[in-house]
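Read the structure below first, then the notes.
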Amino acid sequence: MAVDAPGNEVALETRRLLLRPWRVAEAVVQRELWTERDPRVPPHRRIDAAGHPTVAELEESIRADKAWSSGLPAVERKVSCDVIGYCGLVDNGRGPAGEPELAFELLRRSWRQGYATEASWAVLEWAGSAGYGRLWATVWDWNTASRRVLAKVGFTETDRKEVDAARGTTLFMTRRL
């Protein structure tokens with residue numbers, strides 16, 4: 001179910017979750033996501049040797065509404081009111097025009113509780129009502145948990161793959177709405 005959020009942003013609500021815009025104080029959650037990433041994730045998506053991005057840098061990116069920091073809705077557990085990650089759609093140019101990518105990432109302490117699947121269903125429902133005909137997702141071949149989530153919400157593998165000898169193979173998946 002979609003509800004109006006402050007500032008006319010749209011938030012999505014499920015039985016247990018609220019997907020909504022990030023708040024500046026939640027930059028610490030974003031920083032934790034950065035620190036938890038698998039070492040096989042490309043360096044530009046991990047904390048660098050100098051400790052960047054810092055919490056202050058992430059706070060500023062939320063204030064400035066930079067897409068990489070605030071473009072994907074925060075996933076908040078309604079009972080505990082804590083943010084555990086993000087889930088939403090991005091258009092990063094890797095897929096066909098008009099077909100955004102489903103993207104999600106949750107803190108490790110919230111894994112294996114069905115939150116990624118629940119949040120993904122909410123985004124898919126919203127995307128269908130918004131008129132999208134097809135979505136896609138990319139996932140590392142070694143990321144079995146995310147592959148399971150994508151399969152549960154109806155994504156199927158395509159023949160397209162990008163092989164990186166150091167990091168693994170990126171699989172491209174699609175789903176018709």
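Residue 37 in the UniProt record's numbering is what sits at position 37 of the sequence shown, and the numbering runs on without skipping anything. Where is the CB? At the ideal position from N, CA and C, for every residue including glycine.
Can you tell me whether residue i is buried or exposed, with buried defined as 16 or more other CB within 10 angstroms of its CB?
i	result
Gly7	With a pLDDT of only 47 at Gly7, under 50, the local geometry of the prediction cannot be trusted, and the value read off the model is given with reservation. It is exposed - the Cβ of Gly7 has fewer than 16 other Cβ atoms within 10 Å.
Thr156	exposed
Glu76	buried
Thr169	exposed
Met1	Caution applies to Met1, whose pLDDT of 36 falls short of 50 and renders its modelled position unreliable; the value that the coordinates give is listed next. That one is exposed.
Glu59	buried
Could you name the residues of the same chain whose beta carbon sits closer than 6 Å to that of residue i, not counting the 5 residues immediately before and after it, in chain order?
i	result
Val28	Val55
Arg46	Arg37
Trp142	Gly168
Arg176	Arg134
Among all the DSSP beta bridges, which residues are the ones paired with residue i?
i	result
Trp140	Thr170
Leu106	Gly85
Val75	Leu19 and Gly85
Glu13	Leu18
Leu135	Arg175
Less than 7 Å between C-beta atoms, sequence neighbours within five positions excluded: which residues of the same chain meet that for residue i?
i	result
Tyr115	Leu17, Val75, Ile84 and Leu106
Lys152	Thr117
Quick one: residues in its chain with C-beta nearer than 8 Å to the C-beta of residue i, no 5 flanking neighbours on either side, listed in chain order?
i	result
Ala97	none
Glu101	Leu89, Val90, Asp91, Asn92, Arg94, Gly95, Leu135, Trp136, Ala137 and Thr138
For residue i, tell me which candidate among the options has the shortest Cα-Cα distance.
i	options	result
residue 179	Arg148, Thr14, Met173 and Phe172	An answer regarding residue 179 cannot be provided, because it is not within the stretch 1 to 177 covered by the chain.
Pick out the complete alpha helix (DSSP H) segments inside the segment 19-62, 4 residues or longer, and give them in chain order.
27-36
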